[in-house]
Amino acid sequence: MLWIFLAILLVSIVIGLPIAFGLGVAALVMAVLSDIPLSIMIEQSIRGVNSFPLLAIPFFILVGEVMSNGGIARRLMELAG
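Take the sequence shown: its position 26, counted from the start at 1, is 25 in numbering that gives the first Met the number 0, and no numbers get skipped.
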């Protein structure tokens with residue numbers, strides 16, 4: 000099954016599809032070909048994403064944007080360098 004996933008991903012990259020879409024297509028094909036019930040797949044996906052440390056990623060991006068737009072990022076870089 001891993002070889003099928005990698006082959007689909009490689010073909011999608013070779014034809015110029017962005018990697019995120021290639022991963023999505025490969026995951027959909029693997030979901031259709033597997034014998035795991037859909038409810039278990041959804042439950043495991045939600046359980047994997049529903050973690051407190053992953054919540055920090057969008058907040059770091061938000062703080063970076065706020066600092067950049069407010070001008071403090073430039074002043075901090077001048078202070079550091």
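Where is the CB? At the ideal position from N, CA and C, for every residue including glycine.
Continuous alpha helix (DSSP H) assignments of at least 4 residues falling wholly in the stretch 26-57: 37-48
Outcome for G70 when other beta-carbon atoms lying within 10 angstroms are tallied against a minimum of 16: Numbered from 1 along the sequence shown, position 71 holds the residue referred to as residue 70. Classification of G70: exposed, given that the 10 Å Cβ count is below 16.
Cβ neighbours of I56 in the same chain (closer than 6 Å, five flanking residues each side left out): Position 57 of the sequence shown holds residue 56. Excluding positions up to five away in sequence, the list is empty.
Supposed close pair L22, L1 - CB separation, criterion 8 Å: Working through the sequence shown from its first residue, we reach residue 22 at position 23. Working through the sequence shown from its first residue, we reach residue 1 at position 2. With 8 Å as the limit, L22 and L1 do not qualify as a contact, their Cβ atoms being about 14 Å apart.
Short Cβ contact (8 Å threshold) for M29 with F4: Sequence index remark: in the sequence shown, residue 29 carries index 30 (1-based). Sequence index remark: in the sequence shown, residue 4 carries index 5 (1-based). A contact, by the Cβ cut-off of 8 Å.
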